[in-house]
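Undergrad:
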Amino acid sequence: MITETLKFRLADGGEAEEEAELEETEFPTGEFLMARNAVLTDGERKLRQHRAVSGPDREHGYEQLDNEILVGRRLARAARRGGYPPEVARLHGDDADSADPYALFERYRGKPLYEASQAMTTAEQEEFPVSLLRGLCWLAAVGIAHRGIGPYTVWWDGSCAQIVDFSRCTVFGVMRAPLRGSAAWVPEEQRPGAAKGRVGSRDDIWAAAQLIFYAHSQGHECDEPDQLAGSGLDRLLIDALIRAFGPLATRPTAAELLTQLGRSDPAPGGFNRGASLLGGRGVFREARSLKRPEAPVPPDFNEDLDWALTAARPAPPPAAAAPPLEPVSGGLPVLAVPPTDESPDADDGQTGSTWTGQQSSQAAPGQPEASRKRKGLFGRRRDNG
Amino acid sequence: MAVEILWLTGRSYAEAMEEAERLIDLRTGPADLSKLLVVDHASLLAEHAAVFGRLATGRRVDHLLCVAVGPFPDHARGLQLLPGTLAGTHGPGVLWVGDPNGIDWRVAPGAKVVGRKHSDPDGLAQLVALLHVEAVFDEVYDTFEHRVRYRVASPGLRLAGADDETATFKAALALAIERITVPRSGDDGPFRSLLPDQGRVSLAADGPLASYRAGVADAAAAVDAKAARQPSRLLRRGDDGIDEDVRAAGVALGQLRELIIRLFQAADTAKKLDDQQREALRDAGLQLPPTAQAEPEPGGSPGFRAIIDALDDGDALPLIQRRLTVTSKEIKRYGSAAYLPQVDTGCPASLPGSLVTVTEVPASIRRAGSAAVRQALRLDAADSAASGLLALVVAVAAREWVPAAAEPDELGRGRIAIAGIQQALAQYAAAAPRVHAARLVRLSESLLPVLRALVRQVLLDAYGAPAKVGQETMDDARKRTEVQLTAWTDLVQIHGLAARPKFAPPGIGEVTYTVESDVAAIRDALVTDPRAAMWQLCGQDDVTVLDVGPEPPTVRFAPRQNERDLVGVVARDTVWISVGSHAGLVRLVSLHPEVVTGSPLPQEPSSPEPE
Chain R
0 MITETLKFRL ADGGEAEEEA ELEETEFPTG EFLMARNAVL TDGERKLRQH
50 RAVSGPDREH GYEQLDNEIL VGRRLARAAR RGGYPPEVAR LHGDDADSAD
100 PYALFERYRG KPLYEASQAM TTAEQEEFPV SLLRGLCWLA AVGIAHRGIG
150 PYTVWWDGSC AQIVDFSRCT VFGVMRAPLR GSAAWVPEEQ RPGAAKGRVG
200 SRDDIWAAAQ LIFYAHSQGH ECDEPDQLAG SGLDRLLIDA LIRAFGPLAT
250 RPTAAELLTQ LGRSDPAPGG FNRGASLLGG RGVFREARSL KRPEAPVPPD
300 FNEDLDWALT AARPAPPPAA AAPPLEPVSG GLPVLAVPPT DESPDADDGQ
350 TGSTWTGQQS SQAAPGQPEA SRKRKGLFGR RRDNG
Chain B
0 MAVEILWLTG RSYAEAMEEA ERLIDLRTGP ADLSKLLVVD HASLLAEHAA
50 VFGRLATGRR VDHLLCVAVG PFPDHARGLQ LLPGTLAGTH GPGVLWVGDP
100 NGIDWRVAPG AKVVGRKHSD PDGLAQLVAL LHVEAVFDEV YDTFEHRVRY
150 RVASPGLRLA GADDETATFK AALALAIERI TVPRSGDDGP FRSLLPDQGR
200 VSLAADGPLA SYRAGVADAA AAVDAKAARQ PSRLLRRGDD GIDEDVRAAG
250 VALGQLRELI IRLFQAADTA KKLDDQQREA LRDAGLQLPP TAQAEPEPGG
300 SPGFRAIIDA LDDGDALPLI QRRLTVTSKE IKRYGSAAYL PQVDTGCPAS
350 LPGSLVTVTE VPASIRRAGS AAVRQALRLD AADSAASGLL ALVVAVAARE
400 WVPAAAEPDE LGRGRIAIAG IQQALAQYAA AAPRVHAARL VRLSESLLPV
450 LRALVRQVLL DAYGAPAKVG QETMDDARKR TEVQLTAWTD LVQIHGLAAR
500 PKFAPPGIGE VTYTVESDVA AIRDALVTDP RAAMWQLCGQ DDVTVLDVGP
550 EPPTVRFAPR QNERDLVGVV ARDTVWISVG SHAGLVRLVS LHPEVVTGSP
600 LPQEPSSPEP E
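Keeping their order, the protein sequence lines are chains R and B. Just so you know, numbering that gives the first Met the number 0 puts 223 at position 224 of the first sequence, and the rest follows in order with no gaps. Just so you know, numbering that gives the first Met the number 0 puts 226 at position 227 of the second sequence, and the rest follows in order with no gaps.
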């Protein structure tokens, strides 16, 4: 154990400085991140510290760490009024702008589904879909697509699912980047060579449907729609899954699936995705131009704002007006201006390069391949990455 | 000739002397006392010195060996270790057993000491049993005579089977584990004893369901009967009244259909029926078996019985898991409302409607006969639909309303507990030593029933105290299995391969595997390096007084029955014994000279006198 004093920004605002005991052993989490367990000594709060991997992939690690921090912050803000949803991992705090940035998450609950699926009772199998969809509703409520839903990124504690690992997340509205990995878990519109359109609230639904089948069948993947009929799933759920496995145009959102199952969307509406987002983005651009006036704005700097603006008050589209800037160089998190409590969506606007369009893969290195079969979903080959 | 044994342990001087006199006296002692093994506490040797003197001068004993047990508490630097009657070149050979449990130890400077659990029989008993074999006694005596300095040494044992018994057990158990955990093909269908049984559902003859069904059938029969009354088997206008029969059939079918729809809606639950629902079904004429008043004992639950029967029938655990999964699907309750679409499929609302509106039978149809009338007016379809509806309601009743033999959640817990058991078994098997498999097959087969009993016991515990969460069930089953495996292994280590744990079923045959008869094991023991790690019968601190310099002399022995297999492979001086099944070697590690003589300067012992 290493004892260190950690100074970090709390996920829901404010600064903290606490002594922590950190385990020396690190383990991979996500593709380019390492984690180790930590305990804050004063409150006995059990956490896990995520940092970028060392070596040549460190810059990818920084990008993924940004994703984790920013999703964590959005969720923390969205949950301010009610309780924090147990269905998504909870960011406790972060130190995003030091030389060795890190995120502090509360320990995940239960076990990843690739283990937990073997120990789920029938009652748990029946509860899992609703719990997973509730978590996806929360992500959708803050405009986030997970892009890595699967047996390693969804945990189960016996009564509740928990979506973890936000390292591959992206915001609604950006152009879809191809997603490598088993085709069983990647829908057509996200596969390499076929990726098209913009990320939206239906992007995680295919993988979620696959995971629901996976949990129900104790670790098997759905290869054919016919498997659903003989699976022992409830008719209502089968109908929902058939829609989820359908083409993007008719694929339902998590909230729609929940409604179909007779449940309601748990996430609060009205998460401010518009005005303050634009304000924050403006603050960021201004800070960047002061620091590096010659740097042009990257072409995709504001592409995510399409989604933000459709859900917000009408506002002048800033993307077209944005002056060209250099892409942010270096691997450090791009929180050039610390967000303030006065600007709830400040981080959204200050991280123009965070939502990278890098091709990412579903299974992290070192993790066993979730797929047990070689045949592709509904007859397609899976090794398309 | 035989080797006599005199136990002086715990005896006072007087008692010891009395026993020696009794032995020497020809009237009370054995006829032949030429070879005598005396076992005494090391701490009593000084007190019993005169007893040894008496034995030596009694003109009865030619060869005397002494086993001295325990520490020498009175020994101090500068003092001779043994009393005069035991010391020196004329004294008996003394095998000093500092600790009967012994240690695992290699003869080398600074070699690590590994502790051993108490075993039964312990090292002292094993040594005495060996020395009781005359050929071994002779060879050990001869070795003391010519190769052991100061004729006192610490014995070390390497016994074929004895040292490796636990390892052998573990390897054999690993094989047995493989038998019940490796997926093999077999009947992976559901457990039939747990499936819904339509035979448990019946219809009251005078109930509405049966009556409505009869109404449809009666109408069809009436048409046939009216046709039969006509010589030409043709129906005629006016006197037939078949339109009324058809309408009656339509009414009965409509009532049947509506009643079933109402039942499916009223008794729509995936749980147990409440009183109101049962009453509605009863009123409709549906007879269901009564609900069990009390929960069965865990061991009597049909789900548990199905698992255990499959296990006893030789099903591997993964196969049982698959069958549990399939069975769970088959017995899953969806609620009767889920079958409403099938009512429409079997009997669309339009069918009874089309019958009740019949007012007149066209002449063309009437002339075609009763069969044509029934078909044209959809009486056949109505009859078939009524049959289908009744079959549907009986099937739904069996699956959704009859108290189930097992619930999917219960079977799920069984599957999860088996997963936990398999985890522990796999872990045990992975850690088991690698031993040539062919030698262990018989032993592993004899362990299989006990292993199955272990699985049964853990499952019974899981059924008896079901956990709330599946993961707890799995963890609990894994831990219980680990505990049972450890307890069983410890039991074997203490009592040998024949030991049976508490959960072993009665009437299990004896272990059919004899380690001692195994040629390979004997050969391994006989070719053991004299310095190698083996069972040294001394205490942890005693090794400091043992002389690790010279290679310890050894006595090797094996059953004569194995001589043909082993000759040429093992040392020429191996003693082939015709009694018992002992095999292995005894090494004799000398003590440092200054410890034995009490002199700081090493003294060369004088060579023994020629006989």
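Don't be surprised by glycine CBs; every beta carbon is placed ideally from N, CA and C. For clarity, every value in this text was computed on a predicted model and none was experimentally measured.
1. Assign B:L78 to one of two classes, buried (16 or more other C-beta atoms within 10 Å of its C-beta) or exposed (fewer than that).
2. Among residues of its own chain, excluding the 5 on either side of B:G419, which ones have a beta-carbon nearer than 6 angstroms to its beta-carbon?
3. Pull the bridge partners of R:E20 from the DSSP assignment, please.
4. Identify the continuous beta strand (DSSP E) that holds R:E105 and give its terminal residues.
5. Can you give me, in chain order, the residues of the stretch 393 to 415 of chain B that have a beta carbon less than 7 angstroms from any beta carbon in chain R?
6. Is the beta carbon of B:G469 closer than 8 angstroms to that of B:T399?
7. For B:A131 and B:A49, I'd like the C-alpha separation in whole angstroms.
8. Under 8 angstroms between the Cβ atoms of R:V52 and R:L21?
9. With a CB to CB cut of under 6 angstroms and the five nearest residues on each side skipped, what residues in its chain are close to B:D244?
10. Does DSSP put B:S33 in a helix, in a strand, or in coil?
11. Verify the CB distance criterion: does B:G214 have a CB-CB separation below 8 angstroms to chain R?
12. Between the stretch 113 to 126 of chain R and chain B, which residues of the former have a C-beta closer than 7 angstroms to a C-beta of the latter?
13. Taking 8 angstroms as the threshold (beta carbon to beta carbon), is R:R106 in contact with chain B?
14. Among B:D564, B:Y427, B:A498, which residue has its Cα nearest to the Cα of B:S445?
15. Assuming the contact rule is C-beta atoms closer than 8 angstroms, R:P211 and R:P150 should be a hit. Round their C-beta distance to whole Å, please.
16. In whole angstroms, give me the CA-to-CA distance for R:G229 and R:E220.
17. Whole angstroms is fine: what's the gap from B:G548's alpha carbon to B:D103's?
18. Our contact map puts B:L255 next to B:A385 with C-beta atoms below 8 angstroms; I'd like the distance itself, whole angstroms only.
19. Could you check where the beta strand (DSSP E) with B:F190 kicks off and where it finishes?
20. What residues in the stretch 215 to 231 of chain R have a beta carbon less than 9 angstroms from any beta carbon of chain B?
21. Can the beta-carbon of R:T2 be found less than 8 angstroms from the beta-carbon of R:E18?
22. Of the residues B:G411, B:A362, B:V66, B:G52, which one's Cα is nearest the Cα of B:P82?
23. Who are the neighbours of R:D233 on chain B, taking C-beta pairs under 7 angstroms?
24. Put B:M16 into one of helix, strand or coil per three-state DSSP.
25. Give me the Cα-Cα distance between B:Q264 and R:R47, rounded to the nearest whole angstrom.
26. Could you give the distance in angstroms between the alpha-carbon of B:T480 and the alpha-carbon of R:G157?
27. What's the C-alpha gap between B:E17 and B:P72?
28. Measuring only between beta-carbons, confirm whether R:G261 sits less than 8 angstroms from chain B.
29. Hey, is B:S327's beta-carbon within less than 8 angstroms of any beta-carbon in chain R?
30. Could you tell me if B:E14 is buried or exposed, where buried requires 16 or more neighbouring beta carbons within 10 angstroms of its beta carbon?
31. Note down, in chain order, all residues in the stretch 437 to 454 of chain B with a beta-carbon under 7 angstroms from any beta-carbon belonging to chain R.
32. Where does R:R47 fall in DSSP's three states?
33. Beta-carbon within less than 6 angstroms of R:G330's beta-carbon, same chain only, minus the 5 sequence neighbours each way: which residues are those?
34. Please list, in chain order, the residues of the stretch 335 to 353 of chain B that have any C-beta partner in chain R closer than 7 angstroms.
35. Between B:Q470 and chain R, is there a C-beta pair that is closer than 8 angstroms?
36. Can you find a CB in chain B that lies within less than 8 angstroms of the CB of R:G12?
TA: Result, derived from the coordinates:
1. If you draw a 10 Å sphere on the C-beta of B:L78, you find fewer than 16 other C-beta atoms in it, and that means exposed.
2. Answer for B:G419: M473, A476, R477, listed in chain order.
3. Bridge partners of R:E20: R:T2, R:V38.
4. From DSSP, the beta strand (DSSP E) with R:E105 extends over 101 to 105.
5. So the list reads P407, D408, G411, R412, I415, given in the order they occur along the chain.
6. Here residue 399 of chain B turns out to be Glu, not Thr, going by the sequence shown. In this structure, the beta-carbon distance from B:E399 to B:G469 does not fall below 8 angstroms.
7. With the sequence shown as reference, residue 131 of chain B is identified as His, and Ala is not the correct amino acid for it. Looking at the two C-alpha atoms, the distance is approximately 24 angstroms.
8. Taking C-beta atoms as the reference points, R:V52 and R:L21 fail to come closer than 8 angstroms.
9. Taken in chain order, the residues that qualify are A218, A221, V222.
10. B:S33: coil per DSSP, three-state reduction.
11. False, the Cβ-Cβ gap to chain R never drops below 8 angstroms.
12. Going along the stretch 113 to 126 of chain R in chain order, one finds A115, Q117, A118, M119, T120, T121, A122, E123 with a Cβ nearer than 7 angstroms to chain B.
13. Contact of R:R106 with chain B is not assigned, every C-beta pair being separated by 8 angstroms or more.
14. Ranking the options by Cα distance to B:S445, first place goes to B:A498.
15. A quick correction: the sequence has Ile, not Pro, at residue 211 of chain R. At roughly 12 angstroms, the Cβ-Cβ gap does not stay under 8 angstroms, so R:I211 and R:P150 are not in contact.
16. Between the alpha carbons of R:G229 and R:E220 lies a distance of about 14 angstroms.
17. If you take the alpha carbons of B:G548 and B:D103, they lie about 18 angstroms apart.
18. Distance from B:L255 to B:A385 at the Cβ level is roughly 6 angstroms; contact confirmed, criterion being Cβ atoms closer than 8 angstroms.
19. Segment: none, B:F190 is in no beta strand (DSSP E) and carries neither H nor E.
20. Cβ proximity to chain B below 9 angstroms picks out S216, Q217, G229, S230, G231 from the stretch 215 to 231 of chain R.
21. Taking 8 angstroms as the cut-off, the beta carbon of R:T2 is found closer than this to the beta carbon of R:E18.
22. Ranking B:G411, B:A362, B:V66, B:G52 by Cα distance to B:P82 puts B:G52 first.
23. Those are Y333, listed as they occur along chain B.
24. Helix at B:M16.
25. The alpha-carbon atoms of B:Q264 and R:R47 are separated by roughly 51 angstroms.
26. Between B:T480 and R:G157, the C-alpha separation is close to 22 angstroms.
27. Looking at the two C-alpha atoms, the distance is approximately 25 angstroms.
28. Not an interface residue.
29. True, the Cβ-Cβ gap to chain R drops below 8 angstroms.
30. With fewer than 16 Cβ atoms within 10 Å of its Cβ, B:E14 is classed as exposed.
31. Within the stretch 437 to 454 of chain B, no residue has a Cβ that lies closer than 7 angstroms to any Cβ of chain R.
32. Strand, per DSSP.
33. Caution is warranted here: a pLDDT of 25 is assigned to R:G330, below 50, making its placement in the model unreliable, and the coordinate value is therefore given only provisionally. The residues are R57, E58, Y61.
34. Of all residues in the stretch 335 to 353 of chain B, only A337 place a beta-carbon less than 7 angstroms from a beta-carbon of chain R.
35. Chain R contact via Cβ: present.
36. Not one chain B Cβ lies under 8 angstroms of R:G12.
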